[in-house]
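J.: If you read the protein sequences in the order shown, they are chains A and B.
When we follow the numbering used here, the leftmost residue of the first sequence carries the number 3, and every step to the right adds one.
When we follow the numbering used here, the leftmost residue of the second sequence carries the number 279, and every step to the right adds one.
Even glycine gets a Cβ: it sits at the ideal position worked out from N, Cα and C.
It should be emphasised that the depicted structure is a prediction, and the values quoted were computed from it without experimental measurement.
I'd like to ask some things about the structure below.
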Amino acid sequence: GAVVSQHPSRVICKSGTSVKIECRSLDFQATTMFWYRQFPKQSLMLMATSNEGSKATYEQGVEKDKFLINHASLTLSTLTVTSAHPEDSSFYICSARTGENNYGYTFGSGTRLTVV
Amino acid sequence: AQSVSQHNHHVILSEAASLELGCNYSYGGTVNLFWYVQYPGQHLQLLLKYFSGDPLVKGIKGFEAEFIKSKFSFNLRKPSVQWSDTAEYFCAVDNQAGTALIFGKGTTLSVSS
């Protein structure tokens with residue numbers, strides 16, 4: 003089945019630095035990918051929709067200048083957390099829609115970001 | 279805007295007990311409905327989904343869900359839970375227009391052996 007690979011699985015960075023998270027579709031092309039953020043014991047909150055070759059669509063309240071999304075190819079989307087602060091510490095998950103009529107969503111394994 | 283409500287935050291059951299997790303959604307149009315499971319330390323896995331047709335949907339691991347359109351509900355059921363069902367369960371919807379999944383807050387299921 004469709005596999006989405008997300009890297010790194012864990013990252014610790016210093017406050018003020020930037021961190022890049024990669025999301026790759028391994029055996030299919032993903033024109034659209036989605037980025038979520040999950041706080042402990044809470045749900046997945048949609049941050050943005052990433053479209054190949056165009057600008058991402060951000061959800062209300064998500065700072066586009068802080069969470070930079072690039073979807074330069076049909077198999078790779080990246081999320082860069084710029085000037086990270088401790089409150090950005092969270093679990094970030096990417097997802098890609100797969101299939102056509104009977105479609106589904108495949109999720110990456112997530113990235114645990116800790117900003118110290 | 280779409281929203282998804284999961285009524286049970288934490289459910290504790292003994293093995294062999296029956297399970298029902300509630301899910302209601304709010305959206306004026308036609309939706310697709312999903313249930314995902316997240317085992318500790320693992321990524322989300324699809325349990326089942328409903329697009330159209332028979333409102334009683336059977337999924338993996340013995341789970342099923344029933345779509346009741348009049349109640350905007352899509353409750354998840356399993357007749358006899360196992361210790362290995364201990365996990366986080368998420369109900370999610372999309373609006374068939376290709377937009378992203380919107381998730382409920384999740385329900386933690388703890389099954390004691």
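I'd like to know whether the C-beta atoms of A:Val83 and A:Val21 end up nearer to each other than 8 Å.
T.: Yes, the pair counts as a contact, with Cβ atoms nearer than the cut-off.
J.: Whole angstroms is fine: what's the gap from B:Glu366's alpha carbon to A:Gly55's?
T.: Whole-angstrom Cα-Cα distance: 35 Å.
J.: For B:Asn310 and B:Val335, what's the separation of their Cα atoms in angstroms?
T.: Computed Cα separation, rounded: 12 Å.
J.: Can you tell me whether B:Thr308 is buried or exposed, with buried defined as 16 or more other CB within 10 angstroms of its CB?
T.: Its Cβ having fewer than 16 others within 10 Å, B:Thr308 is exposed.
J.: Identify each residue in the segment 320-343 of chain B for which the Cβ-Cβ distance to at least one residue of chain A is less than 9 Å, and report them in chain order.
T.: Listed by position, the residues of the segment 320-343 of chain B near chain A (Cβ gap below 9 Å) are Gln320, His321, Leu322, Gln323, Leu324, Lys327 and Phe329.
J.: Taking its Cβ as the centre, do 16 or more other Cβ atoms sit within 10 Å of A:Val5, making it buried, or is it exposed?
T.: Per the 10 Å Cβ criterion, exposed.
J.: Residues of chain B with a CB under 8 Å from the CB of A:Ser111: which are they?
T.: What A:Ser111 touches in chain B: Gln320 and His321.
J.: With a threshold of 8 Å between beta-carbons, can B:Phe381 be considered close to chain A, or not?
T.: Chain A, which has a Cβ nearer than 8 Å to the Cβ of B:Phe381, makes this yes.
J.: Counting only C-beta atoms, is B:Phe368 closer than 8 Å to chain A at any point?
T.: Closer than 8 Å to some Cβ of chain A, the Cβ of B:Phe368 qualifies, so yes.
J.: Below 8 Å between beta carbons: does that hold for B:Val315 and B:Leu325?
T.: Cβ distance < 8 Å, so B:Val315 and B:Leu325 count as in contact.
J.: Quick one: Cα of B:Leu297 to Cα of A:Ser85, how far?
T.: Looking at the two C-alpha atoms, the distance is approximately 45 Å.
J.: What residues in the segment 4-15 of chain A have a beta carbon less than 7 Å from any beta carbon of chain B?
T.: Result list empty, no residue passes.
J.: Is A:Gly112 buried or exposed, if buried means 16 or more other CB atoms sit within 10 Å of its CB?
T.: It counts as buried.
J.: Leaving aside the five residues before and after B:Lys356 along the sequence, list all residues of the same chain whose C-beta is less than 6 Å from its C-beta, in chain order.
T.: Leu297, Gly340 and Phe341, listed in sequence order.
J.: If we define contact as Cβ-Cβ less than 8 Å, is B:Ala378 a contact residue for chain A?
T.: True, the Cβ-Cβ gap to chain A drops below 8 Å.
J.: Mind checking which residues open and close the beta strand (DSSP E) that includes A:Lys37?
T.: The question names Lys, but residue 37 of chain A is Trp in the sequence shown. It spans Thr34 to Gln40 - the beta strand (DSSP E) in which A:Trp37 sits, taken as one unbroken run.
J.: Between which two residues does the beta strand (DSSP E) holding B:Ile338 run?
T.: Per DSSP, B:Ile338 belongs to no beta strand (DSSP E) and is neither H nor E.
J.: Hey, how far is the Cα of A:Leu48 from the Cα of B:Trp361?
T.: One C-alpha to the other measures close to 31 Å.
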